[in-house]
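The sequence shown begins at 3 in the numbering used here and counts up by one. Virtual Cβ for every residue (Gly too), placed ideally from N, Cα, C. Predicted, not measured: the structure shown is a model, and the values here were computed from it. Here's the structure, in structure tokens; my notes come after.
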Amino acid sequence: MERLKVGLCGCGGLGRVHAANLAQMEDVDVVAVCDKRPEQLVAKDVTINISTGAKAFDITKCRTYTDFGTMLRKEKLDVLVTALPTDLHAKIAIKAMNNGISVFTEKPMALTSKQCTSMIAARDKNGVQFMVGQCLRFWPEYVALYNAIRDKTYGKLESLTMTRIAGYPSWSADSWFMNHERSGAAILDMSLHDVDFAIHSLGKPTALTAGGFIGRTGGIDDVAAIWDYDGCMVSIRCSWKAQAFAMSFQAFFETASMDFGMAPDPALRLRRAGATEDEKVQVESVTGYVRELQYFLDCVRGRHPNTVCSAESTRDSIAMIELERKAIKTHRWVKVG
């Protein structure tokens with residue numbers, strides 16, 4: 003099979019994780035890297051708030067650019083992977099797709115659902131593939147939960163609580179995370195992981211409500227939301243006020259419960275009704291970051307349609323964040339159309 007020529011735009015923490023993972027894949031060549039900061043094109047160490055298992059990426063094997071337009075003109079790319087500040091996602095993705103390049107962009111898809119619609123239109127106009135890196139859809143423990151919900155392995159899901167906390171991100175270029183107009187604040191940048199998983203596994207709720215407060219970004223940096231699914235309640239908690247990163251979920255079914263947490267060690271546990279001890283559930287060791295890229299590249303190669311992480315569904319996730327903001331502002335339940 004012909005090798006895919008991949009370019010990377012954004013050479014920070016996740017950008018290098020993606021590049022390192024791509025470099026380990028068959029029939030893939032990372033040929034070009036772009037970052038407006040020249041120092042990032044020679045840097046070896048990067049910072050990210052979660053262990054990824056990715057190997058170091060040797061950037062010396064790539065052509066490097068500090069201007070995205072120049073890279074587009076000089077390179078004949080099949081795929082562009084972007085890991086940029088959120089306010090640039092729509093602009094860069096649309097420009098690449100208009101040049102006939104399939105695009106994988108980091109989450110969030112964009113700052114607004116309107117921007118998301120423009121990205122989908124560019125995909126359709128140019129006949130390319132486009133996917134957002136909503137990694138929980140591919141994270142082994144969350145895939146196990148998704149399958150249990152879909153297949154009703156333990157009966158109907160009755161309630162689900164998802165939590166994601168961390169300290170304020172201090173590693174970003176120009177401190178863009180700390181400007182809500184660029185990052186969307188914690189409610190978009192971090193809570194979106196769990197919001198998107200709810201959309202992926204359960205669809206849209208009938209109604210939702212939320213509470214939150216303005217933090218150091220100038221946006222909502224601490225949020226607690228409740229989604230109503232007519233008999234199933236989903237609780238989503240997120241904050242940038244913690245001193246360390248942690249993510250977890252607790253799912254309660256008719257005949258069992260599932261529990262996952264990062265501390266003291268990442269483990270997925272199952273407790274069946276009437277049991278006195280947990281069962282440790284074995285899952286794949288491949289991270290969601292690897293699995294999502296493998297899946298996307300298979301879509302580019304035409305091996306299967308994108309049924310796991312469509313742009314339409316990730317746009318729905320952005321729309322739910324917009325409704326949560328409305329609920330916080332009005333102190334009311336918001337019906338979901």
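Residues sharing a beta bridge with residue i, DSSP
i: Phe215; result: Asp224
i: Met164; result: Ile238 and Phe251
i: Ser104; result: Val81
i: Ala269; result: Gly263
i: Thr155; result: Gly157
Helix, strand or coil at residue i [DSSP, three-state]
i: Ser250; result: strand
i: Phe59; result: coil
i: Tyr363; result: No information on residue 363 is available, as it lies outside the stretch 3 to 339 that the chain covers here.
i: Thr114; result: coil
i: Cys311; result: coil
i: Val33; result: strand
i: Phe376; result: What is shown of the chain runs 3 to 339, which leaves residue 376 out entirely.
i: Gly9; result: strand
i: Ser259; result: strand
i: Lys127; result: helix
i: Arg75; result: helix
i: Val283; result: strand
i: Val336; result: strand
i: Trp178; result: helix
i: Gly17; result: helix
i: Ala209; result: strand
i: Arg274; result: strand
i: Met133; result: strand
i: Asp230; result: strand
i: Tyr170; result: coil
i: Met121; result: helix
i: Gly290; result: helix
i: Pro87; result: coil
Member of the options whose CA lies at the smallest distance from the CA of residue i
i: Tyr231; options: Arg18, Phe132, Ala200 and Gly220; result: Ala200
i: Leu1; options: Lys78, Lys76 and Thr107; result: Limits of the chain in this structure are 3 at one end and 339 at the other, which puts residue 1 out of reach.
i: Gly17; options: Arg5, Cys301 and Ile61; result: Ile61
i: Asp31; options: Val81, Thr257 and Phe70; result: Val81
i: His202; options: Ser241, Tyr148, Glu41 and Leu43; result: Tyr148
i: Ile120; options: Glu143, Glu314, Leu325 and Gly214; result: Rather than Ile, the amino acid found at residue 120 in this sequence is Ser. It is Glu314 whose Cα lies nearest to the Cα of Ser120.
i: Ser259; options: Thr155, Ile330 and Ile94; result: Thr155
i: Asp223; options: Cys234, Ala212, Leu210 and Cys240; result: Cys240
i: Gln252; options: Ala168, Tyr144 and Met99; result: Tyr144
i: Asn128; options: Thr289, Asp176 and Ser104; result: Ser104
i: Leu43; options: Gly135, Gly14 and Ala329; result: Gly14
i: Glu294; options: Arg271, Lys38, Cys311 and Val130; result: Cys311
Counted within 10 angstroms of its Cβ, other Cβ atoms place residue i as buried (16 or more) or exposed
i: Asn23; result: buried
i: Glu183; result: exposed
i: His20; result: buried
i: Pro110; result: buried
i: Ser287; result: exposed
i: Ile228; result: buried
i: Arg327; result: buried
i: Gly12; result: buried
i: Ile216; result: exposed
i: Thr68; result: exposed
i: Pro307; result: exposed
i: Trp141; result: buried
i: Asp191; result: buried
i: Thr208; result: exposed
i: Pro40; result: exposed
i: Gly102; result: exposed
Residue i Cβ short of 7 Å to the ligand MN heavy atom set
i: His91; result: With respect to small molecules bound, the structure shown includes none, and the ligand MN cannot be examined in it.
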